[in-house]
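The structure under discussion appears below in the form of structure tokens.
In this note's numbering, the protein residues as written are 29 to 143.
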């Protein structure tokens, strides 16, 4: 996948993506860092950041869709376990709600719907 790649990809760290971190820093501190020009993707390619999306309905690379689905399902399981730990600051109900959101995103990557 090179310069002529017409597909929209997902970042390899789709659950903990650069854009989410950048948005959090901007809203918390008023600081805005530069976006990376090229990022690693779920399919193993390196593409311009502008050719990526975290929205299931926008991603056209099938390998990236599969990667994103697996990552969201893994994260959903991880956050549910966190909510069940004794002394966790995340309640079981909060963890369940976040896990459901990530499972819905995973389903969106599987079907191409949602966002």
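Cβ coordinates follow ideal geometry from the N, Cα and C atoms, glycine included.
- Here DSSP, grouped into helix, strand and coil, assigns residue 126 to helix.
- For residue 68, there is no enclosing alpha helix (DSSP H); the residue is part of the beta strand (DSSP E) that begins and ends at 66-68.
- The three-state reading of DSSP puts residue 80 in strand, counting E and B together.
- Counting only residues of its own chain and dropping the five nearest sequence neighbours on each side, residue 115 has no CB closer than 8 Å to any other CB.
- Residue 37: not part of any alpha helix (DSSP H); DSSP gives it neither H nor E.
- The C-beta distance from residue 100 to residue 133 rounds to 5 Å, short enough to meet the 8 Å contact threshold.
- Straight through space, the alpha carbons of residue 113 and residue 92 are spaced by roughly 32 Å.
- For the pair residue 108 and residue 126, the Cα-to-Cα distance works out to about 8 Å.
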